[in-house]
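**Q** Supplied in structure tokens, the structure appears directly below.
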Amino acid sequence: MNRPVIICVDDEPTILESLEIELTTALGDQYMIETAEGGQEALELFTELVAENCEVALVMSDYIMPDIKGDELLKRIHELSPKTLKIMLTGQADLQAVSDAIKYAKLYRYIPKPWQPEDLKLTTLEAIHSYIQDKKLEEQDQKLEQVNQDLEKLNYQQAKLIAQLHENEYRLTQFLEAMPVGVGVIDSSGKPYYLNRKAKELFGKGAMPEVSLEQLSEVYQIYQAGTRNIYPPHKLPIVQALQGITVTADDLEVKQGKKVIPLEVWATPIYDEKGDIVYAINTLQDITERAKAEIARSKFNQELLALNFANERFVPRQFLKLLNKSSIVEVELGHSVEQEMSILFADIRDFTILSEGMTPEDNFKFINGYFSHM
Numbered sequence: 544m545n546r547p548v549i550i551c552v553d554d555e556p557t558i559l560e561s562l563e564i565e566l567t568t569a570l571g572d573q574y575m576i577e578t579a580e581g582g583q584e585a586l587e588l589f590t591e592l593v594a595e596n597c598e599v600a601l602v603m604s605d606y607i608m609p610d611i612k613g614d615e616l617l618k619r620i621h622e623l624s625p626k627t628l629k630i631m632l633t634g635q636a637d638l639q640a641v642s643d644a645i646k647y648a649k650l651y652r653y654i655p656k657p658w659q660p661e662d663l664k665l666t667t668l669e670a671i672h673s674y675i676q677d678k679k680l681e682e683q684d685q686k687l688e689q690v691n692q693d694l695e696k697l698n699y700q701q702a703k704l705i706a707q708l709h710e711n712e713y714r715l716t717q718f719l720e721a722m723p724v725g726v727g728v729i730d731s732s733g734k735p736y737y738l739n740r741k742a743k744e745l746f747g748k749g750a751m752p753e754v755s756l757e758q759l760s761e762v763y764q765i766y767q768a769g770t771r772n773i774y775p776p777h778k779l780p781i782v783q784a785l786q787g788i789t790v791t792a793d794d795l796e797v798k799q800g801k802k803v804i805p806l807e808v809w810a811t812p813i814y815d816e817k818g819d820i821v822y823a824i825n826t827l828q829d830i831t832e833r834a835k836a837e838i839a840r841s842k843f844n845q846e847l848l849a850l851n852f853a854n855e856r857f858v859p860r861q862f863l864k865l866l867n868k869s870s871i872v873e874v875e876l877g878h879s880v881e882q883e884m885s886i887l888f889a890d891i892r893d894f895t896i897l898s899e900g901m902t903p904e905d906n907f908k909f910i911n912g913y914f915s916h917m
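In this note's numbering, the protein residues as written are 544 to 917.
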């Protein structure tokens with residue numbers, strides 16, 4: 544890494560030599576001392592150093608020089624490098640020249656000739672210290688600017704993520720609202736967190752975060768099916784889901800005034816990234832039509848049993864079995880079956896009386912003759 548440079552400018556070589564010696568003594572080898580015997584030479588030297596990526600910390604120039612006066616030189620250097628500090632060293636500069644140097648070159652100090660070595664040393668050290676502090680402040684400002692840019696970028700990304708999250712939440716809410724079944728969510732403490740449109744219709748009210756777990760059944764009028772008993776809150780499927788189990792039940796019903804709505808409920812826990820249960824969700828299906836269908840089916844089965852029982856008086860089970868039917872209602876017109884049959888007449892009219900007067904041989908002949916006619 545190149546050492547910072549101090550440029551001394553004067554048209555008198557002896558003065559340049561004195562400056563170089565005194566500055567080297569005061570600063571040691573931390574800075575590189577360069578000299579120029581005129582304004583034009585100083586500008587060329589400055590340009591070369593900058594091209595070599597050297598850092599010019601300070602330019603100390605005489606005022607009266609043959610080609611370019613000191614105030615003009617320092618003004619041009621300031622235009623090229625505003626951060627470089629400038630000191631004018633002369634005994635012949637008028638007030639206007641000093642004023643111009645301060646105004647246009649941001650002159651750091653003016654030192655009259657002949658100078659005092661201690662004054663030159665302290666002024667130079669103060670200038671270098673000021674330059675270093677300004678450089679540190681600039682670096683800090685740059686770092687702060689970079690941090691601000693990074694923070695702004697992060698804020699933008701965060702805002703974008705938040706917007707995306709809100710969009711995702713909105714879409715999810717729309718999906719849940721459009722579902723044909725009720726959807727309810729409670730938090731880990733058992734308090735209502737969300738009810739979709741269908742669930743609000745079933746319960747006649749929305750999510751009420753102030754309701755405790757113990758109040759769920761009473762507030763939302765959840766009963767044990769077919770009874771007047773409030774459903775035990777701790778047995779509610781969604782409450783059981785907070786214990787980490789998936790539950791299905793169809794023994795619940797909701798009452799809204801005189802209206803009774805039987806429900807089938809499916810509940811499951813929701814976990815966070817750590818595996819902890821944070822919510823429980825359930826679906827609520829109105830099974831009114833299913834319940835009606837089951838009642839109708841049960842009634843039909845009972846009527847069918849009664850019909851079968853009544854028809855057994857007229858249609859023997861053996862006949863249904865031959866037709867491969869389980870019920871008389873399954874028998875249609877035209878159903879038939881072909882089977883070989885043996886018919887035994889155990890009692891021919893008056894045969895018993897007749898047989899008592901016949902020999903065994905006559906009995907057999909009589910029976911065979913009768914069967915031949917059959």
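Heads up, the beta-carbon is just placed ideally off N, CA and C, and yes, glycines get one too.
Can you check DSSP and say which residues form a bridge with residue 564?
**A** Residue 564 sits at position 21 when you count from the first residue of the sequence shown. Paired residue(s): none; residue 564 is not in a bridge.
**Q** Leaving out the 5 sequence neighbours to the left and right, which residues in its chain are closer than 8 angstroms to residue 581 when beta-carbon positions are compared?
**A** Along the sequence shown, one-based indexing puts residue 581 at 38. Cβ within range, chain order: 552, 554, 608, 609, 610 and 611.
**Q** Taking DSSP as the reference, what is the three-state secondary structure of residue 912?
**A** Taking the sequence shown and counting its residues from 1, one reaches residue 912 at position 369. It is helical.
**Q** By the DSSP assignment, the beta strand (DSSP E) with residue 663 in it spans what residues?
**A** Within the sequence shown, residue 663 is the residue found at index 120, counting from 1. Premise fails: residue 663 lies in the alpha helix (DSSP H), 660–721, not in any beta strand (DSSP E).
**Q** Would residue 776 pass as a contact of residue 756 if the rule is Cβ separation under 9 angstroms?
**A** For this step, residue 776 is matched to residue 233 along the sequence shown. For this step, residue 756 is matched to residue 213 along the sequence shown. Contact: yes.
**Q** Do you know whose CA, among 835, 790, 680 and 560, lies nearest residue 803's CA?
**A** Taking the first residue of the sequence shown as position 1, residue 803 is located at position 260. Closest option to residue 803, Cα to Cα, is 835.
**Q** Just the C-alpha distance for residue 751 and residue 824, rounded to the nearest angstrom, thanks.
**A** What you label residue 751 is simply residue 208 of the sequence shown in a count that begins at 1. What you label residue 824 is simply residue 281 of the sequence shown in a count that begins at 1. So the alpha carbons of these two residues sit roughly 15 angstroms apart.
**Q** DSSP three-state call for residue 885: helix, strand or coil?
**A** Residue mapping note: residue 885 aligns to position 342 of the sequence shown, counting from 1. Low local confidence applies: a pLDDT of 49 at residue 885 is under 50, so the model's placement there is unreliable, with the coordinate-based value given in what follows. Correct three-state label for residue 885: coil.
**Q** Checking 9 angstroms against the spacing of the C-beta atoms, do residue 625 and residue 646 come in under that value?
**A** Looking up residue 625 in the sequence shown gives position 82. Looking up residue 646 in the sequence shown gives position 103. Contact: no.
**Q** Do you know offhand how far residue 674's Cα is from residue 627's?
**A** Taking the sequence shown and counting its residues from 1, the one referred to as residue 674 is at position 131. Taking the sequence shown and counting its residues from 1, the one referred to as residue 627 is at position 84. Roughly 8 angstroms separates the two Cα atoms.
**Q** Tell me the DSSP bridge mates of residue 575?
**A** Counting from 1 along the sequence shown, the entry for residue 575 is found at position 32. Residue 575 is bridged to 548.
**Q** Would you identify the three-state DSSP class for residue 641, choosing helix, strand or coil?
**A** Position 98 of the sequence shown holds residue 641. Three-state DSSP puts residue 641 in a helix.
**Q** Beta-carbon separation of residue 585 and residue 549 under 9 angstroms?
**A** Locating residue 585 in the sequence shown gives position 42, counting from the first residue. Locating residue 549 in the sequence shown gives position 6, counting from the first residue. Taking 9 angstroms as the Cβ cut-off, residue 585 and residue 549 do not qualify as a contacting pair.
**Q** Run the CB neighbour count on residue 888, radius 10 Å, all protein chains shown included, and call it buried at 16 or more, exposed below.
**A** As a position in the sequence shown, residue 888 is number 345, starting the count at 1. With a pLDDT of only 49 at residue 888, under the threshold of 50, the placement of this residue in the model should not be trusted, and no figure is reported.
**Q** For the alpha helix (DSSP H) holding residue 620, just list the boundary residues, first then last.
**A** Position 77 of the sequence shown holds residue 620. Taken as a continuous stretch (DSSP letters only), the alpha helix (DSSP H) holding residue 620 covers 613–623.
**Q** Does the Cβ-Cβ distance between residue 598 and residue 660 come in under 9 angstroms?
**A** Here residue 598 refers to the residue found at position 55 when the sequence shown is read from its first residue. Here residue 660 refers to the residue found at position 117 when the sequence shown is read from its first residue. Not a contact, by the Cβ cut-off of 9 angstroms.
**Q** Considering only the alpha carbon of each residue, which of 769, 577 and 739 lies closest to residue 591?
**A** Start at 1 with the first residue of the sequence shown, and residue 591 comes out as number 48. Checked all of 769, 577 and 739; the closest Cα to residue 591 is 577.
**Q** Count the other CB atoms within 10 Å of the CB of residue 604; is the residue buried (16 or more) or exposed (fewer)?
**A** For the purposes of this step, residue 604 is taken as residue 61 along the sequence shown, with counting starting at 1. By the neighbour-count rule (16 or more Cβ atoms within 10 Å), residue 604 is buried.
**Q** Helix, strand or coil, according to DSSP, for residue 730 in the structure here?
**A** Stepping through the sequence shown from its first residue, residue 730 is reached at position 187. Here residue 730 sits in strand by DSSP.
**Q** Between the C-alpha atoms of residue 779 and residue 817, what's the straight-line distance to the nearest angstrom?
**A** Within the sequence shown, residue 779 is the residue found at index 236, counting from 1. Within the sequence shown, residue 817 is the residue found at index 274, counting from 1. Going from the Cα of residue 779 to the Cα of residue 817 covers about 26 angstroms.
**Q** Going by C-alpha to C-alpha distance, which of 822, 797 and 789 sits closest to residue 810?
**A** Start at 1 with the first residue of the sequence shown, and residue 810 comes out as number 267. Minimum Cα distance to residue 810 is reached at 789.
**Q** By the three-class DSSP mapping on this structure, what secondary structure does residue 650 have?
**A** Counting from one through the sequence shown, the residue named residue 650 turns up at place 107. Of the three classes helix, strand and coil, the one that applies to residue 650 here is coil, per DSSP.
**Q** Would you list the residues sitting across from residue 806 in a DSSP beta bridge?
**A** By 1-based counting over the sequence shown, the position of residue 806 is 263. According to DSSP, which records beta bridges pairwise, residue 806 is partnered with 795 and 829.
**Q** In three-state DSSP terms, what is residue 823?
**A** As a first step, residue 823 is located in the sequence shown; it is residue number 280 there, counting from the start. The answer is strand: DSSP assigns residue 823 an E or B state.
**Q** With DSSP as the reference, identify every bridge partner of residue 603, one or two as the case may be.
**A** Residue numbering aside, residue 603 sits at position 60 when the sequence shown is read from its first letter. DSSP output for residue 603 lists 551 and 630 as bridge partner(s).
**Q** For residue 725, name the three-state secondary structure that DSSP assigns.
**A** Along the sequence shown, read from residue 1 onward, the residue named residue 725 stands at position 182. Looking at residue 725 - three-state DSSP - the assignment turns out to be strand.
**Q** Cβ atoms of residue 791 and residue 724: under 9 angstroms apart, would you say?
**A** Position 181 of the sequence shown, counted from the start, is the residue given in the question as residue 724. Position 248 of the sequence shown, counted from the start, is the residue given in the question as residue 791. Cβ distance not < 9 angstroms, so residue 724 and residue 791 don't count as in contact.
**Q** Taking buried to mean at least 16 other C-beta atoms within 10 Å of its own C-beta, is residue 885 buried or exposed?
**A** Sequence index remark: in the sequence shown, residue 885 carries index 342 (1-based). The pLDDT assigned to residue 885 is 49, lower than 50, so where the model puts this residue is not dependable; a value taken from the coordinates is nonetheless given after this. By the neighbour-count rule (16 or more Cβ atoms within 10 Å), residue 885 is not buried but exposed.
**Q** Measuring alpha carbon to alpha carbon, tell me which residue in 595, 746, 766 and 671 is nearest residue 573.
**A** Taking the sequence shown and counting its residues from 1, one reaches residue 573 at position 30. It is 671 whose Cα lies nearest to the Cα of residue 573.
**Q** Quick one: residues in its chain with C-beta nearer than 6 angstroms to the C-beta of residue 644, no 5 flanking neighbours on either side, listed in chain order?
**A** Stepping through the sequence shown from its first residue, residue 644 is reached at position 101. These residues qualify, in order along the chain: 614, 617, 631 and 650.
**Q** Am I right that residue 797 and residue 746 are in contact with their C-beta atoms under 8 angstroms? What's the rounded C-beta distance?
**A** Here residue 797 corresponds to residue number 254 of the sequence shown, with the count starting at 1. Here residue 746 corresponds to residue number 203 of the sequence shown, with the count starting at 1. So it is a contact: roughly 6 angstroms between Cβ atoms.
**Q** Let's test the definition: count the other Cβ atoms within 10 Å of the Cβ of residue 620 and tell me whether it reaches 16, buried, or not, exposed.
**A** Locating residue 620 in the sequence shown gives position 77, counting from the first residue. So residue 620 ends up on the buried side.
**Q** Tell me which residue opens and which closes the alpha helix (DSSP H) that residue 657 is part of.
**A** For the purposes of this step, residue 657 is identified with residue 114 of the sequence shown, where counting begins at 1. Here residue 657 belongs to no alpha helix (DSSP H), and DSSP marks it neither H nor E.
**Q** Can you have a look at residue 690 and say buried or exposed, based on whether 16 or more other CB atoms are within 10 angstroms of its CB?
**A** Locating residue 690 in the sequence shown gives position 147, where the first residue counts as 1. Exposed is the call here.
**Q** If you follow the beta strand (DSSP E) that residue 752 is part of, which residue opens it and which one closes it?
**A** Position 209 of the sequence shown holds residue 752. That residue, residue 752, is in no beta strand (DSSP E); it is neither H nor E in DSSP.
**Q** Just mark residue 772 as buried or exposed, buried being the case when its beta carbon has 16 or more other beta carbons within 10 Å.
**A** Here the question's residue 772 lines up with position 229 in the sequence shown. Exposed is the call here.
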